[in-house]
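Following: one structure in structure tokens, then a few remarks.
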Ligand SMILES: Nc1ncnc2c1ncn2[C@@H]1O[C@H](COP(=O)(O)OP(=O)(O)OP(=O)(O)O)[C@@H](O)[C@H]1O
Ligand SMILES: [Mg+2]
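In the numbering used here, the protein residues as written are -18 to 283.
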């Protein structure tokens, strides 16, 4: 992984410090299986450098950006390279302080606290992910404000005082494209360093196809052209951003590997992401100009 990060442009100095971090902080046996082992690597040197530097500095980070820009993938990759257990919380209108910190339950007629994800992350030096943090109910996060700033403690009446382990970090993700997203509270944002996630570069996109999908070179070129053409059309406002879906494209390629014809696979992953007939046709035109109907899907892989 260090070699991959060096290739991505992360400085040796940061990687040295990362090594020191990993050696310094103990990982308890009972949470070893919480260190993620993500399916994909995150590609993007500048984002890697920013996020590693911020987390080494003891800060929390907020990853913001459009859909499928790798916010969750990066979070998992970060917990992996820092060798920390991860707790993921999907924030929504029903999450409240007890779903974060814990709830009282009865065991043998005694009240015991069933620890919530923030509690466990605080205890084990974990990485706690507030996923879609902007979907959280107003103020449900206010109980953790003191944990997110220099105080690094959670002090809620009725709970023990929870001091954060030194290795504990918080990562928020938010997609500013979703309908229904709330403006994030300024006091909350102020507790994070914010990383705006760029859409993927052509060279990184190509590298993912090469390294994660074992496609033949000519097909790598075609998928790169497809994605870049779609992006260009979207930038020129000829189509919306709905079909620009990296997640959908990767899933399509996975189904091609299982033998589904290229165009059927792209229908599901790209074309049908828009519900506008006119837009669908523009997308189909691009696909038809690049791919033939009768290509055996298995033959596109090495
Ligand atoms: N820079 C990148 N490097 C590697 N994979 C990427 C990158 N950007 C997007 N992806 C791919 O896009 C897909 C979606 O990634 P992820 O779920 O992390 O996105 P997200 O930003 O959390 O999206 P959303 O806002 O929709 O939740 C994954 O298949 C991931 O591999
Ligand atoms: Mg996400």
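Backbone N, C-alpha and C define an ideal beta-carbon position, used for all residues, glycine too.
No experiment lies behind these values; they were computed from the predicted model shown.
For residue 220, the shortest C-beta to heavy atom distance toward ligand 1 is 7 Å or greater.
The chain-ordered list of residues whose CB is nearer than 5 Å to some heavy atom of ligand 1 reads 21, 23, 24, 25, 48, 49, 50, 51, 52, 53, 54, 156, 181, 227, 228 and 231. Taking a contact to require three or more Cβ pairs closer than 8 Å, the segment 105 to 119 and the segment 51 to 68 qualify as touching.
The beta-bridge partner set that DSSP reports for residue 73 is empty. Restricting attention to 45, 87 and 148, the CA atom closest to the CA of residue 111 is found in 45. Per the Cβ contact rule, the segment 206 to 214 is in contact with the segment 256 to 269 (3 or more Cβ pairs under 8 Å).
Note on geometry: alpha-carbon atoms of residue 0 and residue 237 lie some 39 Å from one another.
Relative to residue 22, the option among -8, 54 and 12 whose CA is nearest is 54. The three-state reading of DSSP puts residue 229 in helix, counting H, G and I together. Residue pairing by DSSP leaves residue 12 without any beta bridge partner.
Using a C-beta cut-off of 8 Å, the segment 31 to 50 makes contact with the segment 223 to 238, since at least three inter-stretch Cβ pairs fall below that distance. Non-local C-beta neighbours of residue 26 in its own chain, meaning closer than 8 Å and more than five positions away in sequence, comprise -11, -10 and -9, ordered along the chain. In chain order, 134, 135 and 136 place their CB closer than 7 Å to the CB of residue 127, counting only its own chain and leaving out the 5 sequence neighbours on each side.
Uninterrupted alpha helix (DSSP H) stretches at least 4 residues long and entirely within the segment 160 to 193 occur at 167 to 170, given in chain order. Only exposed fits residue 86, as fewer than 16 other CB atoms lie within 10 angstroms of its CB.
In the DSSP assignment, residue 110 falls within the beta strand (DSSP E) that extends over 108 to 112. The secondary-structure analysis by DSSP pairs residue 85 across a beta bridge with 94.
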